[in-house]
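Peer 1:
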Amino acid sequence: MIPKLTEKISLWQLFILIFVFEMGSAVVVGIGNDAKQDAWIAILLSTGIGIAMIILYNFMLKKREGCNLFEILEFCFGKYVSKVFSILYIIYFFYIASRILRDFGELIVSTIFEITPIEILSITIMLVIVYMLYLGIEVLGRTSEIFLPYVFSFIVLVGFFILFSGEMEFDNLFPIMADGFGPVLKAIFPSLMTFPFGELITFMVIIPYVSNFKYANKVSIFSVAFSGFMLAFTSIILITTLGPEMKTRATFPLLSAAREISLLRFIERVDLVIVFVVMFGIIVKVSIFFFAGLKGLEHVFSIPYRMFIFPIGTIIAFTSITVSHNFAEHIEEGLVFVPFYLHIPFQYIFPMLILPILLWKTRRKDKKVGTDE
Numbered sequence: 001m002i003p004k005l006t007e008k009i010s011l012w013q014l015f016i017l018i019f020v021f022e023m024g025s026a027v028v029v030g031i032g033n034d035a036k037q038d039a040w041i042a043i044l045l046s047t048g049i050g051i052a053m054i055i056l057y058n059f060m061l062k063k064r065e066g067c068n069l070f071e072i073l074e075f076c077f078g079k080y081v082s083k084v085f086s087i088l089y090i091i092y093f094f095y096i097a098s099r100i101l102r103d104f105g106e107l108i109v110s111t112i113f114e115i116t117p118i119e120i121l122s123i124t125i126m127l128v129i130v131y132m133l134y135l136g137i138e139v140l141g142r143t144s145e146i147f148l149p150y151v152f153s154f155i156v157l158v159g160f161f162i163l164f165s166g167e168m169e170f171d172n173l174f175p176i177m178a179d180g181f182g183p184v185l186k187a188i189f190p191s192l193m194t195f196p197f198g199e200l201i202t203f204m205v206i207i208p209y210v211s212n213f214k215y216a217n218k219v220s221i222f223s224v225a226f227s228g229f230m231l232a233f234t235s236i237i238l239i240t241t242l243g244p245e246m247k248t249r250a251t252f253p254l255l256s257a258a259r260e261i262s263l264l265r266f267i268e269r270v271d272l273v274i275v276f277v278v279m280f281g282i283i284v285k286v287s288i289f290f291f292a293g294l295k296g297l298e299h300v301f302s303i304p305y306r307m308f309i310f311p312i313g314t315i316i317a318f319t320s321i322t323v324s325h326n327f328a329e330h331i332e333e334g335l336v337f338v339p340f341y342l343h344i345p346f347q348y349i350f351p352m353l354i355l356p357i358l359l360w361k362t363r364r365k366d367k368k369v370g371t372d373e
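Going left to right, the sequence shown walks through residues 1 to 373 as UniProt numbering numbers them.
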């Protein structure tokens, strides 16, 4: 029997985890490219979808307070059927963790350690994550508190540095919706609604650890809204600096924009600093997906999750290397296969199927308790 939640994170740590998680790899690869110069509009609209989903996830958690996603699945479908859903979610969480780790490896290889094998980088960063999660969710929360000032400050500073360098062309933002609402809608579905906003499904495992649970929903909403605003702000920086076409073609648009910074012939080449800052966000994001999957294994096999950390961490590191033959294939899979066949079912379809069953079972249980009294 696994003991109930003993570790706790604060509301402030929850806010930070959601913010850093949402920024994570989204600021690295760029999002909303289908909307071109209207990408920032698509991001803001998708933020509304993200807020709606985090409200739904919190509502489901409130119906079974103290339970996580996997325990809710067992309550709804019973011990044996729920294991099938749990195992599917576990595989999904680990697979996405490996994809994000691949993003990190490609970023580092293409910018800093160009002759270092990506295998070495993936294994190294995975060892850091393994050690951090072995120490527990509280350590992840405290670590994210350390990362936040760097992630937030550098994104804002990059905007100001580019502005004062004279590299921004605000004409790139116009005309607004020149081709109508179609490109914006194409950017939202399925891309933006699944990445990064739909990935909040992982917090159905994290939120039960919040010490003051009754305020978790409000904090979550505010954090998602703030993340969406910052992502839109980043998108405006990229569009005005690179232009919508170059932003779409760039492998890592934020780094391309940062290379344009030349302030007083003193502040230059800040893209290398940005790599290390963005790395913090990617570490947190991989950690959350990894932790969510580990908690699933703990629930299914009734074995403390720390027993799985090293072997599963090794598998994720190996999978991140073999998941695609090259970065172009990796990106194509992320745009075509993953959203439709993985993100949509696990982020939207399954929760929508679980919700009515959860409501029915909860109401039935409440009536039974009332009758017994």
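Just so it is clear, CB atoms sit at the ideal spot from N, CA and C, and this is done for glycine as well.
#1: Answer yes or no: do SER46 and PHE70 have a C-beta to C-beta separation smaller than 7 Å?
#2: Would the beta-carbon of GLY293 fall within 7 Å of that of PHE94?
#3: Is DSSP giving ILE96 helix, strand or coil here?
#4: Would you list, in sequence order, the uninterrupted alpha helix (DSSP H) runs of no fewer than 4 residues that lie entirely inside the stretch 127-177?
#5: Does the stretch 105-114 touch the stretch 247-266, meaning 3 or more C-beta pairs lie closer than 8 Å?
#6: What is the DSSP secondary structure of SER191, reduced to helix, strand or coil?
#7: Would you list the residues sitting across from GLU268 in a DSSP beta bridge?
#8: Sorted by chain position, which residues of the same chain lie with C-beta nearer than 6 Å to MET1's C-beta, five sequence neighbours on each side aside?
#9: Tell me whether ILE9 sits in a helix, a strand or coil according to DSSP, three-state version.
#10: Taking only three categories from DSSP, how would you classify ALA250?
#11: According to the neighbour-count rule (16 or more other Cβ atoms, all chains shown, within 10 Å of its Cβ), is ARG364 buried or exposed?
#12: For ALA35 versus ALA187, is the C-beta spacing smaller than 7 Å?
#13: Less than 6 Å between C-beta atoms, sequence neighbours within five positions excluded: which residues of the same chain meet that for GLY198?
#14: Is the number of C-beta pairs between the stretch 49-67 and the stretch 296-305 that are closer than 8 Å three or more?
#15: Can you tell which of LEU185, ILE31 and GLY243 has its C-alpha closest to the C-alpha of PRO196?
#16: Between the Cα of SER223 and the Cα atoms of LEU135, GLU22 and MET204, which residue gives the shortest distance?
#17: Less than 7 Å separating the beta-carbons of ILE162 and MET168?
#18: Runs of 3 residues minimum, wholly inside the stretch 15-75: which ones carry the beta strand (DSSP E) assignment?
#19: Nearest-angstrom Cα distance between THR202 and PRO345?
#20: Would you kindly check if the distance between the Cβ of GLY24 and the Cβ of ILE282 is under 7 Å?
#21: Once DSSP output is grouped into helix, strand and coil, what is the label at VAL210?
#22: Just to confirm my understanding: we take ILE237, look at its own chain, exclude 5 residues before and 5 after, and list those with CB closer than 7 Å. What are they?
#23: Could you tell me which uninterrupted alpha helix (DSSP H) segments, each at least 4 residues in length, are contained entirely in the stretch 297-352, listed from first to last along the chain?
#24: For my contact list, ILE100 and PHE291 are in at a C-beta cut-off of 8 Å; report their separation, rounded to the angstrom.
#25: Where SER82 and GLU65 are concerned, what is the direct C-alpha to C-alpha distance, given to the nearest angstrom?
#26: So, using beta-carbon positions, are LYS8 and TYR215 closer together than 7 Å?
#27: In three-state terms, what does DSSP make of ASP366?
#28: Is the stretch 303-323 in contact with the stretch 115-126, if contact means three or more CB pairs nearer than 8 Å?
#29: Quick one: what's got a C-beta closer than 7 Å to SER122's C-beta in the same chain, skipping five residues either side?
Peer 2: Short version:
#1: No, the Cβ-Cβ distance between SER46 and PHE70 is not below 7 Å.
#2: For GLY293 and PHE94, yes; Cβs fall inside 7 Å.
#3: Residue state, collapsed to three classes: helix.
#4: Runs of the alpha helix (DSSP H) inside the stretch 127-177: 137-164.
#5: When C-beta atoms of the stretch 247-266 are compared with those of the stretch 105-114, three or more pairs fall below 8 Å, so the two segments count as touching.
#6: Assigned with DSSP and collapsed to three states, SER191 falls in helix.
#7: Residue pairing for GLU268: DSSP places it in a beta bridge opposite SER262.
#8: Because the pLDDT at MET1 is just 49, under 50, the model does not fix this residue reliably, and the point stays unresolved.
#9: Reduced to three states, the DSSP call for ILE9 is strand.
#10: In the structure shown, ALA250 adopts coil according to DSSP, grouped into three states.
#11: Answer is exposed; the Cβ neighbour count stays below 16.
#12: For ALA35 and ALA187, yes; Cβs fall inside 7 Å.
#13: In its chain, beyond the 5 residues on either side, HIS343 and GLN347 have a beta carbon closer than 6 Å to the beta carbon of GLY198.
#14: Flag = no, the stretch 49-67 and the stretch 296-305 do not touch.
#15: Answer by Cα proximity: ILE31.
#16: The shortest C-alpha separation from SER223 is found at GLU22.
#17: Closer than 7 Å, so yes.
#18: Fully enclosed beta strand (DSSP E) runs of no fewer than 3 residues are not present anywhere in the stretch 15-75.
#19: Distance between the alpha carbons of THR202 and PRO345: 14 Å.
#20: Closer than 7 Å, so yes.
#21: For VAL210, the three-state secondary structure derived from DSSP is strand.
#22: So the qualifying residues of the chain are VAL158, GLY159, ILE162 and ALA257.
#23: Runs of alpha helix (DSSP H) with 4 or more residues, each lying fully within the stretch 297-352, are found at 309-322 and 327-335, listed in chain order.
#24: About 13 Å separates the CB atoms of ILE100 and PHE291; that is not less than 8 Å, and the two are not in contact.
#25: Between the alpha carbons of SER82 and GLU65 lies a gap of roughly 18 Å.
#26: No, the Cβ-Cβ distance between LYS8 and TYR215 is not below 7 Å.
#27: Helix, per DSSP.
#28: The stretch 303-323, when compared against the stretch 115-126, does touch it at the 8 Å Cβ threshold.
#29: If you ignore the 5 residues before and after SER122, its C-beta comes within less than 7 Å of the C-beta of LEU101, GLY105, ALA317, SER320 and ILE321, all in its own chain and listed in chain order.
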